[in-house]
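Reading through the structure tokens given below for one structure.
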Amino acid sequence: VGKDYNEPKEVDAKIIKLAKEIKAKVITNDYNLNKVAQLEGIPVLNINDLSNALKAVILPGEEMNTQIIKEGKEPEQGIAYLDDGTMIVVEDGHKYIGKKVNILVTSILQTPAGRMIFGRVKSVRDRKSNEFKNVVRLSSRK
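If you're matching positions, the sequence shown starts at 6 in this note's numbering and goes up one per residue.
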């Protein structure tokens, strides 16, 4: 659209004004523009909401195969990522950095910025046989 306005000066306000004039929908990933457009009664598609809706559903108890690539913020954590950029925080994963592992999902945290998956290592790929070997857990918890 090759239209501009002298007033209002703010870009978001110009988008709202134009959308009202031409009865358009607004597609955005801007949180504030999304909220203002909704308040003004303009249909809005939030790209982040669309992205989250298209991500695979993952539930606690599921297993997934991934590679731990770095240490986490907390001691002994490892970090992996799904292809869509979702971060996986792996309990006791630091000792498997650089290795392919099967993760058992323990919980999922949905935030406005996306989701985080938490899990623990269930099995590790053996380099010689290329098969996954179960991880033995010795727990001192009672």
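From the three backbone atoms N, C-alpha and C, an ideal C-beta is built for every residue, glycine too. Just so you know, these numbers come straight off a predicted model, no measurement behind them.
If you count every other CB in all the chains shown that lies within 10 Å of the CB of residue i, and 16 or more means buried, which is it?
i, result
"E15", "exposed"
"Y101", "buried"
"I21", "buried"
"L114", "exposed"
"G98", "buried"
"N39", "buried"
"T116", "exposed"
"N70", "exposed"
"N34", "exposed"
Going by DSSP, what residue range makes up the beta strand (DSSP E) through residue i?
i, result
"E68", "E68 to Q72"
"K138", "F137 to N139"
"L109", "K105 to T116"
"V62", "From DSSP, V62 is part of no beta strand (DSSP E); its letter is neither H nor E."
So, helix, strand or coil for residue i, using DSSP?
i, result
"K147", "Only weak support is given to the placement of K147: the predicted model assigns it a pLDDT of 43, under 50, and the question is left unresolved by the model."
"S56", "helix"
"N37", "helix"
"K28", "coil"
"E12", "coil"
"K19", "helix"
"K100", "helix"
Should residue i and residue j be called a contact, given that it needs their Cβ atoms to be closer than 8 Å?
i, j, result
"R125", "E96", "yes"
"V106", "V129", "yes"
"I27", "I63", "no"
"P65", "S134", "no"
Where DSSP assigns a beta bridge to residue i, which residues make up the other side?
i, result
"V95", "G83 and G124"
"R130", "F137"
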